[in-house]
Amino acid sequence: MKKNLSVKLFSPLSDLILYSLLLIATPFVMLQNYLQASVGWLSKVSFHIWKFDMPYILIIVIIFIFTLIVILRHKLTGFRIFSWLFVVSLIILGYNSTDFYLNLKFYDLQQNWHYIAYAIFSFMMYRFLKTRKLLSSQIISYIFSTAFFLSAFDEVFQLFISDRIFDISDIAKDLWGTVIGIIIIYFVIENGKITGNEWNIRQNKIINYIKQPFSLIFLIWIFAFIFIFFTSILSDIKYLCFAVLIPVLIFLIFFFILHLSQFRIYRIIISSVIIIFILIQGFFFIKYHKNDIIYNSYGLTVYKGIVIPFFDIMIFPDGNFKIVDKKRSFKENDILTVFDYEPDILLIGRGTTGKGGEGFPEPTEVQFLFNCKTKKGVQVVILMTPEACKEFNKFKKDGENVLFIIHNTG
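Residue 25 in our numbering sits at position 14 of the sequence shown; the count goes up by one each step and never skips.
Listed below in structure tokens is the structure:
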């Protein structure tokens with residue numbers, strides 16, 4: 012009798028349910044009250060060695076990985092090692108694609124919590140679904156779709172909790188963690204046996220993309236990356252529709268290009284369009300690469316001949332640029348992140364109707380802030396985007412050390 016009870020209490024299903032409840036409860040109960048501050052502190056606490064500050068969490072992770080390698084050394088294969096390296100590259104890719112303004116370190120627990128939590132969820136789901144005698148493709152579909160709905164419920168519910176906000180980029184991070192978990196399951200734990208000798212990504216019928224495990228994993232990986240990239244630069248709830256529709260549209264375009272590229276006539280058409288686009292863009296870049304802002308209007312900026320629609324842009328003092336989170340108001344930490352690039356002038360284009368560029372201490376076009384890193388003052392200039400673009404060109408012509416943030420719409 013006791014044996015049967017223990018099986019019920021600690022079965023794959025009960026473990027999955029308990030972990031799912033913990034996953035939902037954590038942001039509302041633990042993080043809201045005390046754990047979030049503790050996690051932040053744990054990620055930052057360090058000790059000084061030679062000329063470096065070594066974070067304790069990084070040492071703990073290194074020790075954990077080394078211990079794991081020693082324990083599992085007999086099961087390590089070249090394929091498993093490659094798969095682990097691929098997982099690490101996905102974590103790095105996620106780090107470089109999200110939370111630019113938060114300026115978190117790659118080992119920060121808050122940065123990686125979504126990946127860790129949902130990778131574990133993937134394993135819990137896999138462990139339960141294996142008992143149902145399902146196909147691998149079905150298991151993968153159930154894991155990914157369940158993780159999406161669980162994460163979406165988690166975020167929507169936060170709309171009704173004080174001091175919590177809905178953040179679609181968190182859903183994207185959870186899905187990225189789910190994909191990482193699926194890859195660990197099928198390429199590390201199972202050593203890639205689901206592929207057999209079938210490594211083809213393209214299938215002759217659309218339905219086969221869902222039935223063939225390797226194609227399915229590839230597609231959810233691509234979708235998760237597109238989703239995490241665009242939701243991270245459209246995280247404000249004002250842009251929720253764009254944050255959903257743009258990734259779905261781009262994924263569908265990618266999918267149909269992938270599928271049609273196996274047919275010769277479509278391959279020729281697709282290749283021709285891509286080559287023409289590269290040649291046109293290359294021509295304008297070569298022609299205007301010595302210039303700065305070539306053109307700006309509502310929702311469109313041309314920088315050094317490169318066309319950038321809709322999204323907000325940060326142009327660094329060295330001339331490189333990055334598409335950044337589309338925001339109208341800057342928080343203190345956002346400004347500190349910008350100051351890491353040590354500009355003498357911070358130029359803000361607040362949009363064509365002046366809805367951006369909020370959050371600075373003074374509601375004036377020109378003000379001065381102190382950069383604690385360089386121990387120098389920074390001139391902050393906040394103008395309408397068309398006017399700011401003209402001012403930027405003047406600053407660059409005069410050789411000024413300027414960082415320019417463009418709110419590319421209203």
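Every residue, glycine too, gets a C-beta built ideally from N, C-alpha and C. The model shown is predicted, which means the values in this text are computed figures rather than measured ones.
Exposed or buried, which one is residue i when buried takes at least 16 other CB atoms within 10 Å?
i, result
"E166", "buried"
"Q292", "exposed"
"I416", "buried"
"N307", "buried"
"Q122", "buried"
"V18", "Residue placement at V18 is flagged as unreliable, the pLDDT there being 46, under the threshold of 50; the coordinate-derived value follows with that caveat. Under this definition V18 is an exposed residue."
"S100", "exposed"
"L414", "buried"
"Q223", "buried"
"C252", "exposed"
"A36", "exposed"
"K384", "exposed"
"L145", "exposed"
"M136", "buried"
"T375", "exposed"
"G360", "buried"
"I102", "buried"
"V335", "buried"
"N15", "Low confidence applies here, because N15 scores a pLDDT of 49, under 50, leaving its location unreliable; read the following figure in that light. Its Cβ having fewer than 16 others within 10 Å, N15 is exposed."
"P372", "exposed"
"K86", "exposed"
"I264", "exposed"
"F240", "buried"
"F63", "exposed"
"K184", "buried"
Whole-angstrom Cβ separation of residue i and residue j, contact assumed at under 8 Å?
i, j, result
"S152", "L227", "7 Å"
"F262", "F288", "So it is not a contact: roughly 19 Å between Cβ atoms."
"I393", "G368", "4 Å"
"N404", "D329", "In fact, because the Cβ distance is near 16 Å, the residues do not count as touching under 8 Å."
"K337", "I257", "About 11 Å; that fails the 8 Å criterion."
"N202", "T88", "6 Å"
"F294", "K315", "That belief does not hold up - the Cβ atoms of F294 and K315 are roughly 13 Å apart, past 8 Å."
"V72", "Y118", "6 Å"
"K298", "R339", "In fact, because the Cβ distance is near 34 Å, the residues do not count as touching under 8 Å."
"I68", "L120", "6 Å"
"G188", "H125", "5 Å"
"L186", "F238", "6 Å"
"S94", "D178", "S94 to D178, Cβ: 30 Å. No contact."
"Y197", "A158", "Going by Cβ atoms, the distance from Y197 to A158 rounds to 15 Å, so no, they are not a contact pair."
Within this structure, are the beta carbons of residue i and residue j separated by less than 8 Å?
i, j, result
"G310", "T420", "yes"
"M325", "T363", "no"
"T109", "S25", "no"
"V81", "I195", "no"
"I139", "P23", "First, the residue type needs correcting, since residue 139 is Phe and not Ile in the sequence shown. Cβ atoms of F139 and P23: closer than 8 Å."
"V389", "F350", "yes"
"R213", "L269", "yes"
"F406", "L358", "yes"
"Y112", "D345", "yes"
"I221", "S148", "yes"
"V199", "R91", "yes"
"Y352", "F332", "no"
"D355", "E411", "yes"
"F75", "M65", "no"
"N114", "T312", "no"
Measuring from the CB of residue i, is there a heavy atom of the ligand GTP at a distance below 7 Å?
i, result
"K342", "Absence of the ligand GTP is noted for the structure shown, with no ligands found whatsoever."
DSSP three-state call for residue i: helix, strand or coil?
i, result
"V56", "coil"
"L256", "helix"
"L245", "coil"
"G207", "coil"
"P320", "strand"
"L380", "strand"
"L113", "coil"
"S308", "strand"
"L16", "Because L16 sits at a pLDDT of 43, beneath the cut-off of 50, its placement in the model cannot be relied upon, and the point is left open."
"F21", "coil"
"F415", "strand"
"I212", "coil"
"I218", "coil"
"I393", "strand"
Beta-carbon of residue i versus every beta-carbon of chain D: anything under 8 Å?
i, result
"F240", "Of the protein chains in this structure there is only one, and it is not chain D."
May I have a chain-ordered list of the alpha helix (DSSP H) segments no shorter than 4 residues that lie completely inside the region 258-306? Those alpha helix (DSSP H) runs which fall completely within the region 258-306 and span 4+ residues are 275-299.
If we require 4 or more residues per run, which alpha helix (DSSP H) segments fall completely within the region 327-389? Within the region 327-389, the complete alpha helix (DSSP H) runs of at least 4 residues fall at 343-350.
Identify every run of the alpha helix (DSSP H) within the region 62-98, keeping only runs that are complete inside it and at least 4 residues long; order them along the chain. Taking only runs of at least 4 residues, the alpha helix (DSSP H) segments lying wholly in the region 62-98 are 67-82.
Restricting to runs no shorter than 4 residues, where is the alpha helix (DSSP H) found entirely within the region 111-147? Correct list: 120-140.
Complete beta strand (DSSP E) runs within the region 146-172 (minimum length 3 residues, chain order): List check, beta strand (DSSP E) in window: nothing returned.
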